[in-house]
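Enquirer: Structure in structure tokens, see below.
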């Protein structure tokens, strides 16, 4: 399993918005500051907006802003909104089955690894990632 660029870009966009609470930020600025290809951003913002996390305003003084506290959005939720269920293997997704599930010696290993991954992603909030970014910038003198 690999987290897609689209999901990573969605997290990055939310982090940038979290760094500017209650401000409208242009999509161009978000793309520049977070290294997101500008052509990816409209679709990502539309999906995040449909989920009620962001809103966009067109025109002068417009842009995109976060509607929900970054403490209330987890990385796991972002990935699931963008890509669907997080799974390290198909047999752990409810609508897929494994032909060896009854006797599969790896099922328990995959399940424990999956649970550990989901715990980390579910415990990590957008605000945590934004704080980590600020800390890194301070350490690097930026």
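Numbering (the numbering used here), first residue to last: 13 to 154. Ideal Cβ positions, reconstructed from N, Cα and C, are used throughout, including at glycine.
1. Beta-carbon separation of residue 88 and residue 60 under 8 Å?
2. Along the chain, where does the beta strand (DSSP E) containing residue 68 start, and where does it finish?
3. Using CA coordinates, which residue listed in 152, 39 and 132 is at the minimum distance from residue 71?
4. Go ahead and pull the three-state DSSP assignment for residue 96.
5. What's the call for residue 24, buried or exposed, on a 16-neighbour Cβ count within 10 Å?
6. Would you check if there are 3 or more beta carbon pairs closer than 8 Å linking the region 19-35 to the region 50-69?
7. Would residue 146 be called buried (16 or more neighbouring beta carbons within 10 Å of its own) or exposed?
8. Quick one: residues in its chain with C-beta nearer than 7 Å to the C-beta of residue 86, no 5 flanking neighbours on either side, listed in chain order?
Expert: Taking the definition as stated:
1. no
2. 66-69
3. When each option's Cα is compared against that of residue 71, the closest is 39.
4. coil
5. buried
6. With a cut-off of 8 Å, the region 50-69 and the region 19-35 count as touching, because enough Cβ pairs lie within range.
7. exposed
8. 133, 134, 136 and 137
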